[in-house]
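Top line first, the protein sequences correspond to chains A and B.
For the working numbering, add 110 to where a residue sits in the first sequence, where the first one is 1.
For the working numbering, add 110 to where a residue sits in the second sequence, where the first one is 1.
There are 2 protein chains.
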Amino acid sequence: MPGSFNYDDLFSADSQDTPLKVVTHAEYDFAVAYPAPETLPVDGLTQALQVMLDTRAEDLARNLAYYPHVQGSPELREFTAGKLLSDRGISVSPDEIMLTAGSGEAIGLVIQALTNPGDTVLTERYVYTGTLNQLQRFGADVVGAPIDDMGIMPEALDRLIDELAEDGRRPKYLYTIAEHQNPTGSTLPEARRRQILDIAHRRNMPIIEDECYVDLRFEGETQPAFRTLDDSGIVIHVASYSKLVAPGLRLGFFTAQDDVMRRASSFKIGSGPNQFSAYAVEGFLRENLDRHRAALNPLLREKRDAMIASLEENFAGTGATWSRPQGGCYVWLTMPEKADLGAVQQGCMDGGVGYVAGPAFAPNNDGAHCARLCFAFETPEKNRKGIARLAELFDDMGVLSGTASV
Amino acid sequence: MPGSFNYDDLFSADSQDTPLKVVTHAEYDFAVAYPAPETLPVDGLTQALQVMLDTRAEDLARNLAYYPHVQGSPELREFTAGKLLSDRGISVSPDEIMLTAGSGEAIGLVIQALTNPGDTVLTERYVYTGTLNQLQRFGADVVGAPIDDMGIMPEALDRLIDELAEDGRRPKYLYTIAEHQNPTGSTLPEARRRQILDIAHRRNMPIIEDECYVDLRFEGETQPAFRTLDDSGIVIHVASYSKLVAPGLRLGFFTAQDDVMRRASSFKIGSGPNQFSAYAVEGFLRENLDRHRAALNPLLREKRDAMIASLEENFAGTGATWSRPQGGCYVWLTMPEKADLGAVQQGCMDGGVGYVAGPAFAPNNDGAHCARLCFAFETPEKNRKGIARLAELFDDMGVLSGTASV
């Protein structure tokens, strides 16, 4: 309501005037962060709920009648522990897992447990916007570590920490998406992970590892998680069912050393996540995990191939380069440095193609010549046509000649 | 996991070592804050989901595939706007409602939008523990306003604010549950609400009104909400579907003046609440709201009557008094001041009767001679027997004679 009461002197110092977003979608929507909607198992999830009702009605009633356990559904935690062991070789008990409202809540709780305003925190050079926003929200001084097409470069990371030390800045922890990184699509090789773990121990610097895309591999070999390689407690492991099953379910989770779990839970507001979602996901994945991945990932590969083929066809000779991810949702487009993809983002949106320009992912707000293109959401056909359209739009707007007029 | 990494120098100053609770239930559980599990509409909710699937499958798929709108399901917000209008005479559009993970998240967002550490905040003399914990968590100096069996006494409130002013403490806002208060069960009469609104305007002090028990009236007349009486924007209205439908669904909501909504949303972590729950609640309540309340509330009355009859039978002559709520879930038991119900709480739990002693609800940690007894959860028969058992336990432990030995 418009209202007329004057709150100006009453708002907290931390609060920000945040517009309530109305999300708009372009005809060719490469700006989203969603998995393939064709594979969304609505029937499977609802059937799983139906089975729960038929066979475990008392259980369901009891769980809905009570406030959920702060760590969330014991059954889904048990399933998650089994999945972590079989998929990633990570051995934790269900009691060592906290389910959260998406991985976003998990990341928020851990950030709050470890961050005082002014603390320096390391991420990749380009980092998931949701994490970047939360880090900045809680006052972190975020520094991006140098990357190449495989992710963080360990020697450069070590040098960066030395350079920061000269300024009196000691990184508190490192946040990284090592498998199918958002936004660049890279996967960090095992050897680099081991080197980074050495650095982390030497620097007394925990690693928050976000594996929210780990289920979406369609090519190459999965690399062991940081947490697989190190069970000392220095690694905090975060993941999600948003990309594998459905974002709208709001189910993520993390596992960490006991004291980290307890500290993180002190920032929890309300109780554990939704029981319906937990039942639906647990029931569906117990029966369908392998089948679902086998349906999803070849489709993602087809979509990636279509986007990359169209990039080769339409962006050859422009000086552009792009990543070739082995999984996940994103291709990272790098144009010549003179291009400003931020300046023409809205124009391209109006012209029918959505993307997210680099600065949204950059701790220093740079990277305007880069863009994240989500290949996972649209059909292969739309990926092809949308990239062709994007090349036309860039051309029309003078991006390719570096004379962009906005 | 136990882990061996030393986080001692890394935890944030705000983080607290919070034990991960294992909830235990006594044989006669009057400690819970749950509505009647017999009326939990598991079948109705699942049928509503089934109907959604049959008739709006594309809609459901689209909503699950996308991250939810930050304000939550548009359909449930539309239903909620209609319910606020017909039940409470509150006229807001769906765009002016934010759905949250239970009312706990709503309260947390609003508290963060309005509270700087050290700010003085007013509540009732005894207040919902969840709100009290959040207020203290965000650094509020919480002061309980004097109450009688109808709730806050306006003249005493006004005097309290003057007294606080002499100490240089100016209350930032008032949080209140005016309808079926938690923990005392009182309902604030309309005349007092009008007086408190006058005070609020004179003192430039917004009111956060928590109506999470408003649907559970089985006797007497509902009083107009603060928000019904005042649409200037000074009232922030919070409510929930936890008590009416099921706590495990995690669905609450609030409505406030635009700028308050925007400030509050800046503390939101992740996107809006779960789509499955939203569909289930919307579908179920569109068809069954009146029928469901007509089934739930007479049962609650029967349960209250059983508990009060047993209190009359077993506590007469002990100097105890108790509230007679017209709705909600709680009877407030007041023993003679010498009794220490906090000291014997665990002993009573071990003896089969759960309750929550006063200090859990008291900003100043006092009220040890009081206890909240939830009448809504157990059967009428168990309410009778459990209160009789409680009298025996109090007697055995010397509570009634004021010689409690723990």
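Each residue gets a CB set at the ideal place from its N, CA and C atoms; glycine is no exception.
Here the structure is a predicted model, which is why all the values come from computation and not from measurement.
Contact set between residue i and chain B, taken where Cβ atoms lie within less than 8 Å
i              : result
residue 66(A)  : Coverage of chain A is limited to positions 111 through 516, which leaves residue 66(A) absent and any answer about it impossible.
residue 126(A) : 373 and 376
residue 97(A)  : Given a span of 111 to 516 for chain A in the structure shown, any question on residue 97(A) remains unanswerable.
residue 171(A) : 147, 150 and 152
C-beta atoms of residue i and residue j nearer than 8 Å
i              : j              : result
residue 520(A) : residue 496(A) : The requested residue 520(A) is not part of the displayed model; chain A covers only 111 to 516.
residue 278(B) : residue 176(A) : no
residue 394(B) : residue 441(B) : no
residue 371(B) : residue 162(B) : no
residue 324(A) : residue 473(A) : no
residue 211(B) : residue 383(B) : yes
residue 350(A) : residue 213(A) : yes
residue 204(A) : residue 328(A) : no
residue 230(B) : residue 280(B) : yes
residue 316(A) : residue 121(B) : no
residue 457(A) : residue 417(A) : no
residue 361(B) : residue 439(B) : no
residue 503(B) : residue 478(B) : no
residue 493(A) : residue 433(A) : no
residue 130(B) : residue 152(A) : no
residue 302(B) : residue 339(B) : no
First through last residue of the alpha helix (DSSP H) which encompasses residue i
i              : result
residue 311(A) : 300-313
residue 347(B) : No alpha helix (DSSP H) holds residue 347(B); the beta strand (DSSP E) holding it covers 345-350.
residue 440(B) : Per DSSP, residue 440(B) belongs to no alpha helix (DSSP H); it is in the beta strand (DSSP E), 440-444.
residue 459(A) : 455-460
residue 370(B) : 368-375
residue 491(B) : 490-506
residue 152(B) : 152-165
residue 240(B) : 239-247
residue 449(B) : From DSSP, residue 449(B) is part of no alpha helix (DSSP H); its letter is neither H nor E.
residue 184(A) : 184-198
Span of the beta strand (DSSP E) around residue i
i              : result
residue 482(A) : 480-484
residue 364(A) : 362-365
residue 284(B) : 281-286
residue 320(B) : 317-320
residue 335(A) : Run containing residue 335(A): none; DSSP gives neither H nor E here.
Sheet register partners of residue i (DSSP bridge)
i              : result
residue 467(B) : 481(B)
residue 327(B) : 437(B)
residue 391(B) : The partner list for residue 391(B) (beta bridge, DSSP) is empty, contrary to what the question assumes.
residue 209(B) : 363(B)
residue 262(A) : 257(A)
residue 267(B) : Looking at the DSSP assignment, residue 267(B) forms no beta bridge with any residue, so it has no partner.
residue 224(A) : Beta-bridge pairing links residue 224(A) to no other residue.
residue 234(B) : 255(B)
residue 138(A) : 463(A)
residue 149(A) : Answer is none; residue 149(A) lacks a bridge partner.
residue 431(A) : 444(A)
Where residue i meets chain A, residues with beta-carbon distance less than 8 Å
i              : result
residue 323(B) : Under the 8 Å cutoff, chain A gives no residues; its nearest Cβ is about 15 Å from residue 323(B).
residue 390(B) : 386
residue 163(B) : 152, 153 and 156
Under 9 Å by beta carbon: chain B residues contacting residue i
i              : result
residue 384(A) : 211, 358, 359, 360, 361, 383, 384, 386 and 387
residue 244(A) : 379
heavy atom of the ligand NAP below 7 Å from residue i C-beta
i              : result
residue 410(B) : Because no ligand of any kind appears in the structure shown, any question about the ligand NAP cannot be addressed here.
7 Å Cβ cut-off: residues of chain A touching residue i
i              : result
residue 399(B) : Near residue 399(B) there are no residues of chain A at all, since even the closest Cβ is about 18 Å away, more than 7 Å.
residue 129(B) : 372
Beta-carbon neighbours of residue i, restricted to chain B and to distances below 7 Å
i              : result
residue 122(A) : 222, 223, 224, 225 and 226
residue 167(A) : 152
residue 282(A) : 120
Where the stretch 209-235 of chain B meets chain A: residues whose CB sits under 7 Å from a CB there: For the stretch 209-235 of chain B, which is checked against every Cβ of chain A, the residues closer than 7 Å are 211, 212, 214, 215, 218, 222, 223, 224, 225 and 226.
- prompt: Residues in the stretch 363-382 of chain B with C-beta within 9 Å of chain A's C-beta atoms, listed in sequence order?
  reply: 365, 366, 367, 368, 369, 370, 371, 372, 373, 374, 375, 376, 377, 378, 379, 380, 381 and 382
- request: Check each residue of the stretch 134-156 of chain B: if its Cβ is closer than 7 Å to any Cβ of chain A, include it; give the result in chain order.
  value: Residues of the stretch 134-156 of chain B with a Cβ closer than 7 Å to any Cβ of chain A, in chain order: 144, 147, 150, 152 and 156.
Short-range partners of chain A found in the stretch 173-207 of chain B, where Cβ spacing is below 9 Å: 173, 174, 175, 176, 177, 178, 179, 180, 181, 201, 202, 203, 205 and 206
- prompt: For the stretch 397-425 of chain B, which residues have a beta carbon sitting closer than 8 Å to at least one beta carbon of chain A?
  reply: Going along the stretch 397-425 of chain B in chain order, one finds no residue with a Cβ nearer than 8 Å to chain A.
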